[in-house]
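S.K.:
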DNA sequence: CGTAATCTTGACCAACGTCAATGTTCGTGG
DNA sequence: CCACGAACATTGACGTTGGTCAAGATTACG
C-alpha cells in the first residue's frame, strides 16, 4: 500500500496534504502490520521508536494496574495514530492492543524532528489533531469523575458512534461495535455487571441498544442531551500520519 | 519583566533555550497579568487567541456541567501554559481560574504558526511537554476509573507534590498547598465529605497530612507505593512559553 | 450440534453520597 | 489584643449507587 494511494486519506474527515507531505510520510513508512484480535502491539514500559497508524479494525489503548485491573484510556479507530509518547519521551506508559483483527502502518518515529523541520505546516496540523484528542480526553475525565452509570455508558458509546460517523463508518443511528461488556466496563470505570444494568436502562429508555455487534442510537440528539455529549465544538480535519 | 530575565526559566526543570528562541517568545508577549484568587481567565466556550503561562501562584483548569458540578481537569503550577485549545481549535472547552492570587504572561497565540516555522526545535520541545502532560492525564484517568477514595486523594496530592518538587518549590516532604477540600473532591470525583474521610484515613496511616495550607508527606516512597504513583518515567525538561 | 464465551438476573454487601449539627481556623475591624 | 463572622473541617446517621457472587440463558463459532 502506497501512502499516495491510501484510501483512508481520502475520507472527508482527514486533512488534505500536499504531494510533498504525503511523500515525506511515505519515506517514514517501514511496514504494513497485520495483527490478530487481542494481540498487543505496544507494551507499557516499552521503548519503541515506531509510530502506528491504525489502518483497519479497532484497537484499545489501556493501562493495567498491579492488581490486574485494566483502565481503557481510549478506543482507536482507523486513522488514529499511537506511539508518540514512546517516541518523544523514550518510554510508553500504556499498552495498545488490537480489539479486532487489525492492520497498522508502521512509521519510523526517529524521523519526526526532520518532519517538524521540513514541514512546519504538517507539524501544526498534527498538533491540532493532538489537542482535539486531548480535549476528548478532558471530557472523558469529566465523565469518569462526575457521571452516574447510565450516563457514563451512554457518553462513552455516543462518542464512539460520533467518531465513526465523522469517518463515514456509521450512519442512520447504526454502527458496528465490537466492544464487549467488559471493554465498556474497563473504559467507564464500572463493573461488567453494572454496565449491563446501565445498558438495560438505556435500552428501556430507547436511548441506545446493542444487537449482534452493532450499536443502535434511535435518536442521537436525545442521547446527546441525556449524556451531556456535544458533538458541537466543530471537529476540524484530522491530520493523519 | 523581560523574558530574557525571567527567573522561572532558569529553574532546573525547564528546557534551556537559545537567546534567539527566548527573543522570539519575548516578541509574542503582550502583557503581564495579575489575577485575584477565584477569578476566571479563560471561560468555557471562549474564542481567545491568547496563551497564558502561569508565572506565580496556582490555577485550576476545570469543566462545569449543566447541573453546576465541577470537574477539575488539572492543577496549573508555575511554568504551565494554557489556552492552546482555544488558539488551535478556535474554542475552549474548559475554564481556567486562579486558585490563589496569581500572575500570568500573556502571549499572542496567533504567532504560533510562525514559531513552528522559525524554530522547529522549540516546536518539538513543546510537543514533548504536551505529551508528558497527556501522559499525566492518562494516569489521572486511571485514578478516576479504578481507584478507591483514599488512593485517589493520595494519588492526586502526591502528583502535585512531585510536580512542585521538580520545580524546586517543595522538599523534605513539605510543600504549600492552597487546595481546599472541595477542590480535591472536584478533582478526584468524590464528595467533599468523603474526601475528608479519606484524608483522615491517610493521616491515620501516616501517609499524608495537611496542616495550615501545607502538604506533609512523611515517606514519599510509601505513599507512592500505596497510590501506585510512579515518579518514575523520568521527567525530561519542560519547554516553557 | 456442541462448546466456550458472553450476557442476564437476583440476592446481598461495601463504598460513597447526603444531610445536618458542631467545631475549628483565619481574616477583619474595633 | 480581642471579638466577631465567614469559610472550612469534622462527625454521625442514614440513604443510594454500584460491586460481588453465582447460577442460568443466550449467542457466537468451530
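Chains as they are written, first to last, in the numbering used here: chain H, 1 to 241; chain B, 242 to 482.
Ideal Cβ placement from N, Cα and C applies to all residues, glycine included.
Predicted, not measured: the structure shown is a model, and the values here were computed from it.
Is any beta-carbon of chain B found at less than 9 Å from that of residue 17/H?
M.R.: Counting from one through the first chain, the residue named residue 17/H turns up at place 17. It does not: the Cβ of residue 17/H has no partner Cβ on chain B nearer than 9 Å.
S.K.: Kindly indicate which three-state DSSP category residue 111/H falls into: helix, strand or coil?
M.R.: Within the first chain, the letter at position 111 stands for residue 111/H. In this structure, residue 111/H counts as helix in the three-state DSSP scheme.
S.K.: Taking Cβ positions, are residue 353/B and residue 115/H nearer each other than 9 Å?
M.R.: For the purposes of this step, residue 353/B is taken as residue 112 along the second chain, with counting starting at 1. For the purposes of this step, residue 115/H is taken as residue 115 along the first chain, with counting starting at 1. No, Cβ-Cβ distance for residue 353/B and residue 115/H is not below 9 Å.
S.K.: Helix, strand or coil, according to DSSP, for residue 304/B in the structure here?
M.R.: Position 63 of the second chain, counted from the start, is the residue given in the question as residue 304/B. If DSSP states are grouped into helix, strand and coil, residue 304/B belongs with the strands.
S.K.: Would you call residue 1/H buried or exposed, if buried means 16 or more other Cβ atoms sit within 10 Å of its Cβ?
M.R.: Sequence index remark: in the first chain, residue 1/H carries index 1 (1-based). It counts as exposed.
S.K.: Less than 8 Å between C-beta atoms, sequence neighbours within five positions excluded: which residues of the same chain meet that for residue 91/H?
M.R.: Along the first chain, one-based indexing puts residue 91/H at 91. Hits under 8 Å: 45, 46, 47, 85.
S.K.: Going by alpha carbons, who is nearest to residue 381/B out of 318/B, 266/B, 469/B?
M.R.: For the purposes of this step, residue 381/B is identified with residue 140 of the second chain, where counting begins at 1. Closest option to residue 381/B, Cα to Cα, is 469/B.
S.K.: Measure from the C-beta of residue 357/B to each C-beta in chain H and report whether the shortest distance is under 9 Å.
M.R.: For the purposes of this step, residue 357/B is taken as the residue at position 116 of the second chain. So yes, residue 357/B belongs to the interface.
S.K.: With contact counted as at least three CB pairs below 8 Å, one residue from each stretch, are the region 315-325 of chain B and the region 440-447 of chain B in contact?
M.R.: At 8 Å Cβ cutoff, the stretches do not touch.
S.K.: Looking only at its own chain, which residues have a Cβ that is under 8 Å from the Cβ of residue 492/B, when we skip the five neighbours before and after it?
M.R.: As displayed, chain B neither begins before 242 nor continues past 482, which places residue 492/B out of reach and without an answer.
S.K.: Between the region 94-105 of chain H and the region 54-66 of chain H, are three or more C-beta pairs nearer than 8 Å?
M.R.: Yes: the two stretches touch, three or more of their Cβ pairs being nearer than 8 Å.
S.K.: Can you confirm whether residue 336/B, when its beta carbon is compared against all beta carbons of chain H, has any partner nearer than 9 Å?
M.R.: The sequence position of residue 336/B within the second chain is 95, counting from 1. Judged by the 9 Å Cβ criterion, residue 336/B is not in contact with chain H.
S.K.: Inspect the CB distances between the region 302-312 of chain B and the region 255-274 of chain B and report whether three or more fall short of 8 Å.
M.R.: Flag = no, the region 302-312 of chain B and the region 255-274 of chain B do not touch.
S.K.: Per DSSP, which one or two residues make a beta bridge with residue 403/B?
M.R.: Counting from one through the second chain, the residue named residue 403/B turns up at place 162. None; residue 403/B has no bridge partner.
S.K.: Nearest-angstrom Cα distance between residue 373/B and residue 316/B?
M.R.: Counting from 1 along the second chain, the entry for residue 373/B is found at position 132. Counting from 1 along the second chain, the entry for residue 316/B is found at position 75. So the alpha carbons of these two residues sit roughly 15 Å apart.
S.K.: Any beta carbon of chain B sitting closer than 9 Å to that of residue 156/H?
M.R.: Here residue 156/H refers to the residue found at position 156 when the first chain is read from its first residue. No, because no Cβ of chain B sits closer than 9 Å to the Cβ of residue 156/H.
S.K.: Would you verify that the beta carbon of residue 121/H is, or is not, closer than 9 Å to some beta carbon of chain B?
M.R.: In the first chain, counting from the first residue as 1, residue 121/H sits at position 121. Closer than 9 Å to some Cβ of chain B, the Cβ of residue 121/H qualifies, so yes.
S.K.: Starting from residue 425/B, trace the alpha helix (DSSP H) in both directions and tell me its first and last residue.
M.R.: Stepping through the second chain from its first residue, residue 425/B is reached at position 184. 422-429 is the span of the alpha helix (DSSP H), which, as asked, contains residue 425/B.
S.K.: Can you pull out the residues from the region 298-313 of chain B whose beta carbon lies closer than 7 Å to at least one beta carbon of chain H?
M.R.: Of all residues in the region 298-313 of chain B, 304, 306, 307, 310, 312 have a Cβ within less than 7 Å of some Cβ in chain H.
S.K.: Three-state secondary structure (DSSP) at residue 288/B?
M.R.: The residue given as residue 288/B occupies position 47 in the second chain. Of the three classes helix, strand and coil, the one that applies to residue 288/B here is coil, per DSSP.
S.K.: In or out: residue 392/B buried (at least 16 other Cβ within 10 Å) or exposed?
M.R.: Within the second chain, the letter at position 151 stands for residue 392/B. It counts as buried.
S.K.: Hey, is residue 220/H's beta-carbon within less than 9 Å of any beta-carbon in chain B?
M.R.: Here residue 220/H is taken as the residue at index 220 of the first chain, counted from 1. Taking Cβ atoms only, chain B never reaches closer than 9 Å to residue 220/H, which makes this a no.
S.K.: Name the chain B residues whose beta carbon is nearer than 9 Å to that of residue 84/H?
M.R.: Translated into the one-based positions of the first chain, residue 84/H becomes position 84. Per Cβ cutoff of 9 Å: 368, 372, 375.
S.K.: Between residue 436/B and residue 425/B, how many whole angstroms is the CB-CB distance? I'm expecting something under 8 Å.
M.R.: The residue you call residue 436/B lines up with position 195 of the second chain. The residue you call residue 425/B lines up with position 184 of the second chain. With 8 Å as the limit, residue 436/B and residue 425/B qualify as a contact, their Cβ atoms being about 5 Å apart.
S.K.: Can a CB atom of chain B be found closer than 9 Å to the CB of residue 162/H?
M.R.: Taking the first chain and counting its residues from 1, the one referred to as residue 162/H is at position 162. Not an interface residue.
S.K.: Following the continuous beta strand (DSSP E) through residue 98/H, name the residue where it begins and the one where it ends.
M.R.: For this step, residue 98/H is matched to residue 98 along the first chain. Run containing residue 98/H: 95-98, per the beta strand (DSSP E) assignment.
S.K.: Kindly list the residues whose CB is nearer than 8 Å to the CB of residue 412/B, restricted to its own chain and excluding five residues on each side of it in sequence; keep chain order.
M.R.: Numbered from its first residue, the second chain carries residue 412/B at position 171. For residue 412/B, where only same-chain residues beyond five positions count, the Cβ hits under 8 Å are 406.
S.K.: List the residues of chain B that residue 146/H touches, going by C-beta distances under 9 Å, in chain order.
M.R.: Locating residue 146/H in the first chain gives position 146, counting from the first residue. In chain order: 304, 306, 308, 310, 311, 312, 427, 430.
S.K.: Let me see if you follow: with CB-CB separation under 9 Å, is residue 141/H close to chain B or not?
M.R.: As a position in the first chain, residue 141/H is number 141, starting the count at 1. Yes, because at least one Cβ of chain B sits closer than 9 Å to the Cβ of residue 141/H.
S.K.: Do you know offhand how far residue 175/H's Cα is from residue 230/H's?
M.R.: Taking the first chain and counting its residues from 1, the one referred to as residue 175/H is at position 175. Taking the first chain and counting its residues from 1, the one referred to as residue 230/H is at position 230. Looking at the two C-alpha atoms, the distance is approximately 19 Å.
S.K.: Measure the C-alpha to C-alpha separation of residue 284/B and residue 428/B and round it to an integer number of angstroms.
M.R.: Here the question's residue 284/B lines up with position 43 in the second chain. Here the question's residue 428/B lines up with position 187 in the second chain. Going by the C-alpha atoms only, they are around 18 Å apart.
S.K.: What would DSSP say about residue 210/H, mapped onto helix, strand or coil?
M.R.: As a first step, residue 210/H is located in the first chain; it is residue number 210 there, counting from the start. Three-state result, residue 210/H: strand.
S.K.: Tell me the DSSP secondary structure of residue 446/B in three-state form.
M.R.: Sequence index remark: in the second chain, residue 446/B carries index 205 (1-based). Coil.
S.K.: Quick check on this structure: which residue in 421/B, 277/B, 252/B has the alpha carbon closest to the alpha carbon of residue 453/B?
M.R.: If you number the second chain from 1, residue 453/B lands on position 212. Per the Cα distances, 421/B.
S.K.: Can you find the residues in the same chain that come closer than 7 Å, C-beta to C-beta, to residue 432/B, ignoring five residues on each side of it along the sequence?
M.R.: Locating residue 432/B in the second chain gives position 191, counting from the first residue. 426, listed in sequence order.
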